[in-house]
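Visitor: If you scroll down you'll find the structure; I have some questions about it.
Chains as they are written, first to last, in the numbering used here: chain G, 1 to 438; chain F, 1001 to 1438.
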């Protein structure tokens, strides 16, 4: 019999600890990122899970030959830490041992060691397991982690409970044809288009909840801003007085998360060469006010915003109020889901909003109907059959506080934060109409 | 135009803050959990998202009547905080205002205000949106949140990166018939049985990764320990010397997470009436050693462990080594997946392990094959077609470090931590062969 105690685990070595060991010997596990042979020595760039570390190989100092060493090998090296301002991290490793742990079969089909890959999007995605070895590409997903961490930490501090709700469901929340069908033990089932029904349910007993989980949309759009599977950052909160309470919470969350990125993910922002937007106050226009603005560019009255309208409103908000974010509220009720509460003052409009960021809708949210009779009446008005929503309407029947919430598309937020041109770059393994692999 | 600044958001009032306001007036949003009328006054138990707070209603003191008030109403109350040792939280609220925000249409079909619901599992699950209003039932999901928080915090401290990988996939990872099929724009697709391929891919560039995400198993078993959709806590780590490094990491994680629950979720453990297990060292037996132990109860030699064997091994470990956890390693290779590395010393066995907790398998993990030729050879040996795994084998082709990892079933872990009888109690909205709603 053996025993495990957890103490004997392989410890993770933070780069700061290596820096503190100047002139001592360190052991590093890494991938050979680049080899640059000079006449007397060679630069061997070591890629760890987070950093590029400069190694110096000299024949006389190193006990191992580098004849078998090639880019893509995974190695365990030993060496002296030497301060050097010219090196990427301010130090380099004078290698004394290089033990090869594994060797690749082929040469990378992409320029992994370049600052940016420099290939087209298709080549990047087709060779995704190689592309992500490029420090620029992988930094995108450290930022993704940072956004999730910031969002999560903020939510917990504000008294929200994290929930996990099912993605295999009996009915779609958003309605429409954009839903994936599934054979579930000979029953018809769907993949959830949002956690809407479930997060509303949770408000009845947890007051405030959030979820970080996949969302499925069978949209046939094949654009630079649509994915068929994405990560939704959702929250829902009870005891609101109006949808503005939800918008205030989102504004505070965005401030917190951007601050969080600055504090904990600065090195990745530098690799990506981006400056994060400043959020001070976010302007909010009603849909009708937005139409007025759009008239300025020759737009005509309509019932929804087109992508080019969103871009125009962004530019307008930036120019007039110095904000890269803008809320649009009070959309025509007919264009919003059945669970959206209508404006009591003018029921043609719903208490529902979008948040646009740099010209792209990244959030839809609003106040929901909490009263049973009001929900049943709205369903009937919209030609729906309340009896098909037995479980959903049970929440209303047994009571809920006034509440509202929203959903944020994680990849859209990251895409716009990092000024990426295509949302697929912000998804590790994107799914679109044509792409199911890798 | 309006503006949002995030500062105007509705602040969350922690219970500790209310306690500090003894003799002052506080405002509380809550649900009416229970009303107990005495001759001169009434106890009104207020349920917030986390607590039960005792309110005292006296006609002379309160500006509002309680004639319309019923269990299930959501209210905004005002009152004086008065210390009272007999009250649940050590204080009570002398109510001066009760404003009804919303009223239910029907009476709860379950005994929500009882300590435990006391109904059968079917009634609980059929009326799930009501059942979860019971403080015992909802506490289970605070513990779920705590386990996720502890796991996540440990992983980040140890240098793991959180990743999000697709759940709609072109090929199953575990193989077999237990996979849900999906129509994906006229292509055949599946729901991921595990993030196996993707987390292995991520090791090539992040060294250490973890994921918290749904896992889908189309198993027809309808037992007390199977769900068809569950949350997987997965991790995968590079540069291991053996699978024991993975087991050490899991042991350390379990210690950390249990400590985390004790520190941050104690009040919910009290509601649930449970004592967490102590993890000091976890014994580990090989499969062959386990068979020897099982002979003691008249078991006969075989190739896998049955549920009753797992229970016997638990009892044996508890009696002999005082541990409620036990690792079983070196399973017959034929019973483990194609990506498991075979033991070089005896290739009939795989470097693969299970962790049993209180008689139930909660983890499967092991060392994976990282060498391209070794993986291709094992696939062929097992009658598989390597050409069908082009993208997966690309990871091996372009290099990976030696690595291993594991998957933990969140609901199974929570079920066993809390001594629940059925795994459905540990899933907010469980999915099984017969249950797709609510």
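Every residue gets a Cβ at the ideal spot worked out from N, C-alpha and C, and that includes glycine.
Any beta carbon of chain G sitting closer than 8 angstroms to that of residue 1394 of chain F?
Guide: Answer yes: the Cβ-Cβ gap between residue 1394 of chain F and chain G drops below 8 angstroms somewhere.
Visitor: Leaving out five residues on either side along the sequence, give the residues of the same chain with a beta carbon under 8 angstroms from the beta carbon of residue 1061 of chain F.
Guide: The residues are 1094, 1095 and 1096.
Visitor: Can you check the region 1135 to 1221 of chain F for any alpha helix (DSSP H) of at least 4 residues that lies completely inside it and give the ranges in chain order?
Guide: If we require 4 residues or more, the alpha helix (DSSP H) runs fully inside the region 1135 to 1221 of chain F come out as 1135 to 1157 and 1196 to 1206.
Visitor: Would residue 1268 of chain F count as contacting chain G if we go by Cβ distances under 8 angstroms?
Guide: No - not a single Cβ of chain G is within 8 angstroms of the one on residue 1268 of chain F.
Visitor: Beta-carbon of residue 98 of chain G versus every beta-carbon of chain F: anything under 8 angstroms?
Guide: For residue 98 of chain G, the answer is no, since every Cβ of chain F falls outside 8 angstroms of its Cβ.
Visitor: The alpha helix (DSSP H) with residue 1350 of chain F in it runs from where to where?
Guide: Careful: residue 1350 of chain F lies outside any alpha helix (DSSP H) and carries neither H nor E.
Visitor: Would you please verify whether the beta carbon of residue 252 of chain G is less than 8 angstroms from any beta carbon of chain F?
Guide: True, the Cβ-Cβ gap to chain F drops below 8 angstroms.
Visitor: List, in chain order, every chain F residue whose beta-carbon is nearer than 9 angstroms to that of residue 206 of chain G.
Guide: The answer, in chain order, is 1049, 1050, 1132, 1138, 1141 and 1142.
Visitor: Can you tell me which of the three DSSP states residue 129 of chain G falls into?
Guide: Three-state DSSP puts residue 129 of chain G in a helix.
Visitor: Tell me where the alpha helix (DSSP H) around residue 1265 of chain F begins and ends.
Guide: Taken as a continuous stretch (DSSP letters only), residue 1265 of chain F belongs to no alpha helix (DSSP H), as it is neither H nor E.
Visitor: Please go through the same chain and pick out, in chain order, the residues whose beta-carbon is closer than 7 angstroms to the beta-carbon of residue 1318 of chain F, but skip the five residues on each side of it.
Guide: Taken in chain order, the residues that qualify are 1324.
Visitor: Specify the secondary structure class of residue 1342 of chain F as computed by DSSP and reduced to three states.
Guide: Three-state result, residue 1342 of chain F: strand.
Visitor: Is residue 1320 of chain F buried or exposed, if buried means 16 or more other CB atoms sit within 10 Å of its CB?
Guide: Exposed, because fewer than 16 other Cβ atoms sit within 10 Å of the Cβ of residue 1320 of chain F.
Visitor: By how many angstroms is the C-alpha of residue 1139 of chain F removed from the C-alpha of residue 110 of chain G?
Guide: Cα-Cα distance, rounded: 50 angstroms.
Visitor: Name the residues in the region 19 to 43 of chain G whose C-beta lies less than 8 angstroms from a C-beta of chain F; which are they?
Guide: Residues 29 and 31.
Visitor: With which residues is residue 5 of chain G paired in a DSSP beta bridge?
Guide: Residue 5 of chain G pairs with nothing; no bridge assigned.
Visitor: Terminal residues of the continuous alpha helix (DSSP H) containing residue 414 of chain G?
Guide: 410 to 417 is the span of the alpha helix (DSSP H), which, as asked, contains residue 414 of chain G.
Visitor: I'd like to know whether the C-beta atoms of residue 1363 of chain F and residue 3 of chain G end up nearer to each other than 8 angstroms.
Guide: In this structure, residue 3 of chain G does not lie closer than 8 angstroms to residue 1363 of chain F by Cβ.
Visitor: Just grab the DSSP bridge partners of residue 1092 of chain F for me.
Guide: Partner(s): F:1054 and F:1082.
Visitor: Apply the 10 Å Cβ neighbour rule to residue 1186 of chain F and answer buried if 16 or more other Cβ atoms are within range, or exposed otherwise.
Guide: So residue 1186 of chain F ends up on the exposed side.
Visitor: Short of 6 angstroms in beta carbon distance, which residues of its chain neighbour residue 379 of chain G, apart from the five on each side in sequence? Order them along the chain.
Guide: Once the five neighbours on either side are set aside, the close Cβ partners of residue 379 of chain G are 338 and 386.
Visitor: Would you call the region 1159 to 1171 of chain F and the region 1118 to 1132 of chain F in contact, with 3 or more CB pairs under 8 angstroms?
Guide: They do not touch, by the three-pair rule.
Visitor: Which two residues bound the contiguous beta strand (DSSP E) that contains residue 1239 of chain F?
Guide: Careful: residue 1239 of chain F lies outside any beta strand (DSSP E) and carries neither H nor E.
Visitor: Taking only beta-carbon atoms, is residue 119 of chain G less than 8 angstroms away from chain F?
Guide: Closer than 8 angstroms: no.
Visitor: Out of G:429, G:11, G:347 and G:389, which one is the CA nearest neighbour of residue 1154 of chain F?
Guide: If we check each option's Cα against that of residue 1154 of chain F, G:11 comes out closest.
Visitor: Compute the Euclidean distance between the alpha carbons of residue 1099 of chain F and residue 388 of chain G, then round it to the nearest angstrom.
Guide: Spanning the two alpha carbons is a distance of roughly 33 angstroms.
Visitor: I believe residue 248 of chain G touches residue 1006 of chain F by the beta-carbon criterion, under 8 angstroms. Please report the beta-carbon distance rounded to the nearest angstrom.
Guide: About 6 angstroms separates the two Cβ atoms, so the contact holds.
Visitor: So if DSSP puts residue 230 of chain G in a beta bridge, which residue, or which two residues, is it bridged to?
Guide: DSSP output for residue 230 of chain G lists G:215 as bridge partner(s).
Visitor: Rounded to whole angstroms, what is the Cα-Cα separation between residue 1274 of chain F and residue 1257 of chain F?
Guide: Taking the straight line from one Cα to the other gives about 16 angstroms.
Visitor: Taking the alpha helix (DSSP H) that residue 1333 of chain F belongs to, which residues open and close that run?
Guide: Counting along the chain, residue 1333 of chain F falls outside any alpha helix (DSSP H), and DSSP gives it neither H nor E.
Visitor: The region 359 to 373 of chain G: which residues have C-beta closer than 9 angstroms to a C-beta of chain F, in chain order?
Guide: So the close ones are 370, 371, 372 and 373.
Visitor: Does DSSP put residue 1041 of chain F in a helix, in a strand, or in coil?
Guide: Of the three classes helix, strand and coil, the one that applies to residue 1041 of chain F here is coil, per DSSP.
Visitor: Can residue 239 of chain G and residue 430 of chain G be called in contact, C-beta distance under 8 angstroms?
Guide: Taking 8 angstroms as the Cβ cut-off, residue 239 of chain G and residue 430 of chain G do not qualify as a contacting pair.
Visitor: Of all the residues that make up the region 389 to 422 of chain G, which are near chain F by a beta-carbon distance shorter than 7 angstroms?
Guide: Correct list: 391, 394, 395, 397, 398, 399, 400, 401 and 402.
Visitor: Does the distance from the CB of residue 1432 of chain F to the CB of residue 1227 of chain F come in under 8 angstroms?
Guide: Result yes, Cβ atoms of residue 1432 of chain F and residue 1227 of chain F sit closer than 8 angstroms.
Visitor: Between which two residues does the alpha helix (DSSP H) carrying residue 361 of chain G extend?
Guide: Premise fails: residue 361 of chain G lies in the beta strand (DSSP E), 360 to 368, not in any alpha helix (DSSP H).
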